[in-house]
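Participant: Below you will find the structure I want to go over with you.
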Amino acid sequence: MINEKMYELGTKKSTIRTIFEFGRKRAAEVGEENIFDFSLGNPNVQTPKFIKDAIIEILENPNTSEIHGYTVAPGNPKVREILAKSINERFNTKFSGKNLFITSGAAAAITISFKALSEPNDEFITFAPYFPEYKCFVESVGAKLIVVPAQVEDFQINFDEFIKRINSHTKAIIINSPNNPSGAVYSEDTIKKLAEILNKKSKEFSKPIFLISDEPYREIAYDIEVPYVTNYYNNSIVCYSYSKSFSLPGERIGYIVVPDEIADFGKIYGSIAGAARVLTHVNAPSLWQLVIAKCAGMPSDISIYRKNAEILYNGLIDAGFTCNKPQGAFYLFPKCLENDDYAFCERAKKYDLLLVPGNDFGCPGYFRAAYCIKTETIERSLPLFKKLAEEYKNN
């Protein structure tokens, strides 16, 4: 009668959403100020004023069809040219508008890219810890997700395990840097080595292996450069979103970059357009296309995230946790104080600390704490983390 797989996806909530909803119910019982909810990556930094100013200026234009009407499917040509110029200025690239396809956020960009590339028996490889929705997105286009175990020392790529898994069915590699949930940024050496392996394996299998870079956190990086992958590997596709950099997660606006150097550019770009069509992507919201064009290249305010990262990291280290210092995004990914990360996160609820088990990100024994919350909340949570740690020490 129905598609059972779709029913399962629609009725079985993600662990993150389940924890978040538990937090809402718990807040009604004990008060919002007594809940320390680190579950959801929802930006708490105010949307920049220049976004509001851009919206007002655009809405004063009497040509409402330009603001609210359809654009061509890949996006407003003028907007794409402006965005391409901005990317070129920042990353020393040579794109034009024809290299961009504007989407309704990064999730749309990623899913469209998967759909465009996927053929029967294809496999997509990603590296733990990884964004859990990749599995859903990949399987929705009939492909299989292969996960490379984490290199927990620094959360760079575990190349020995990667080489074991790449084969003739590998269609693409998915990377996410700065990473959700580890906060790690892939170094230039890591990207160079990855490109070297992909070039070698593409020749070995006589077919291109694509690199899909999921980059919603690109601007949230602390004193470290995030390599732009198209400068290192020709068969790269970049999926970008303004959700995190401009605190616009509810507006759903982003883009796909397809470089000229990619294998058979015309076919790849055409397939992306076709995938967008069958996924009912008529065009990204016209108003928001105009907004991001006006705000292209404007700075992101990451000062609050930087401060929160320092406070939470230092507090957890002081309490006895083991954790890599975040290089970007707005997550910490500490080691649990017991092997069972689900049991650890359940125990943390005793102190109204809402944390996400690492197993959901393909990395058991760890937990994710999203620090895109009020600084005061983080500061008040630290004594509770200490109590939680002392409970384990006394057992």
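Numbering of the sequence shown is given in the working numbering, commencing with residue 4 and proceeding in unit increments.
Built from N, CA and C at the ideal position, the CB exists for glycine as well.
Owing to the predicted nature of the structure, the values given are computational and were not obtained by experimental measurement.
#1: Quick check on DSSP: helix, strand or coil for residue 322?
#2: Would you mind listing the alpha helix (DSSP H) stretches within the stretch 36-83 that are 4+ residues and don't spill past its ends, in chain order?
#3: Restricting to Cα atoms, I'd like to know which of 60, 115, 239 is closest to residue 76.
#4: Checking 8 Å against the spacing of the C-beta atoms, do residue 157 and residue 187 come in under that value?
#5: Would you kindly work out how many angstroms separate the C-alpha atoms of residue 2 and residue 70, rounded to a whole number?
#6: DSSP three-state label for residue 264, please.
#7: Decide if the stretch 380-387 is in contact with the stretch 37-48; the criterion is three or more beta carbon pairs, one per stretch, under 8 Å apart.
#8: Mind reading off the beta-carbon distance from residue 184 to residue 25? Whole number of angstroms is fine, and I expect it under 8 Å.
#9: Cβ of residue 308 versus every heavy atom of the ligand NAP: is any distance shorter than 7 Å?
#10: Does the structure place the stretch 325-333 close enough to the stretch 218-238 that three or more beta carbon pairs sit under 8 Å?
#11: Let's see if you can read the secondary structure: which residues bound the alpha helix (DSSP H) around residue 225?
#12: If you compare alpha carbons, which of 118, 30, 296, 103 is closest to residue 352?
#13: Rounded to whole angstroms, how far is the Cβ of residue 214 from the Cβ of residue 236, which I believe are closer than 8 Å?
#14: Which residue marks the beginning of the alpha helix (DSSP H) containing residue 345, and which one marks its end?
#15: Rounding to the nearest angstrom, what Cα-Cα distance links residue 123 and residue 7 in this structure?
#16: Look up residue 91 in the DSSP assignment and say whether it is helix, strand or coil.
#17: So, using beta-carbon positions, are residue 113 and residue 78 closer together than 8 Å?
#18: Quick check on residue 146: buried or exposed, where buried means 16 or more other Cβ atoms within 10 Å of its Cβ?
#19: Among 393, 291, 175, 363, which residue has its Cα nearest to the Cα of residue 73?
#20: Can you give me the start and stop residues for the alpha helix (DSSP H) that residue 202 sits inside?
#21: Just reading off the alpha helix (DSSP H) that residue 373 is part of, what are its end residues?
#22: Let me know the secondary structure DSSP gives residue 141 once reduced to three states.
#23: In three-state DSSP terms, what is residue 103?
#24: Measure the alpha-carbon distance for residue 375 versus residue 322 and round it to whole angstroms.
#25: Which same chain residues end up closer than 8 Å to residue 166 when comparing Cβ atoms and leaving out the 5 residues on each side of it in sequence?
#26: I'd like to know if the stretch 85-105 and the stretch 303-322 are in contact, where contact means that at least 3 CB-CB pairs between them fall below 8 Å.
#27: So what does residue 213 bridge to, in DSSP terms?
#28: Please state the DSSP three-state secondary structure of residue 97.
#29: Grab me the residues of residue 344's own chain with a C-beta within less than 7 Å of its C-beta, minus the 5 sequence neighbours each way, in chain order.
#30: Taking 8 Å as the threshold (C-beta atoms), are residue 120 and residue 174 in contact?
#31: Do residue 54 and residue 298 count as a contact pair if the criterion is CB distance below 8 Å?
#32: Do you know whose CA, among 84, 395, 208, lies nearest residue 295's CA?
#33: Look at the alpha carbon of residue 45 and the alpha carbon of residue 252, and state the distance between them as a whole number of angstroms.
Facilitator: Let's see:
#1: Helix at residue 322.
#2: Listed in chain order, the complete alpha helix (DSSP H) runs (minimum 4 residues) inside the stretch 36-83 are 52-62, 67-71.
#3: 115
#4: yes
#5: Because the chain in this structure spans residues 4 to 398, residue 2 falls outside the shown range and cannot be described.
#6: coil
#7: yes
#8: About 19 Å separates the beta carbon of residue 184 from that of residue 25, a gap too long to meet the 8 Å contact definition.
#9: Judged by which ligands are present, the structure shown has none, so any question about the ligand NAP falls away.
#10: Result yes; three or more Cβ-Cβ pairs closer than 8 Å.
#11: Note, residue 225: premise wrong, no alpha helix (DSSP H); not H, not E.
#12: 30
#13: Yes, they are in contact, since the Cβ atoms of residue 214 and residue 236 sit about 5 Å apart, within 8 Å.
#14: Unbroken alpha helix (DSSP H) run through residue 345: 344-351.
#15: 21 Å
#16: helix
#17: no
#18: So residue 146 counts as buried.
#19: 291
#20: Looking at the DSSP string, the run of the alpha helix (DSSP H) that includes residue 202 is 191-207.
#21: It is not in any alpha helix (DSSP H) - residue 373 instead sits in the beta strand (DSSP E) that spans 370-373.
#22: helix
#23: strand
#24: Each residue's alpha carbon lies about 21 Å from the other.
#25: 200
#26: Judged by Cβ distances under 8 Å, the stretch 85-105 makes no contact with the stretch 303-322, as fewer than three pairs qualify.
#27: 175
#28: coil
#29: 360, 361, 362, 367, 368, 369, 370
#30: yes
#31: Taking the C-beta atoms as reference points, residue 54 is found nearer than 8 Å to residue 298.
#32: 84
#33: C-alpha separation (whole angstroms): 7 Å.
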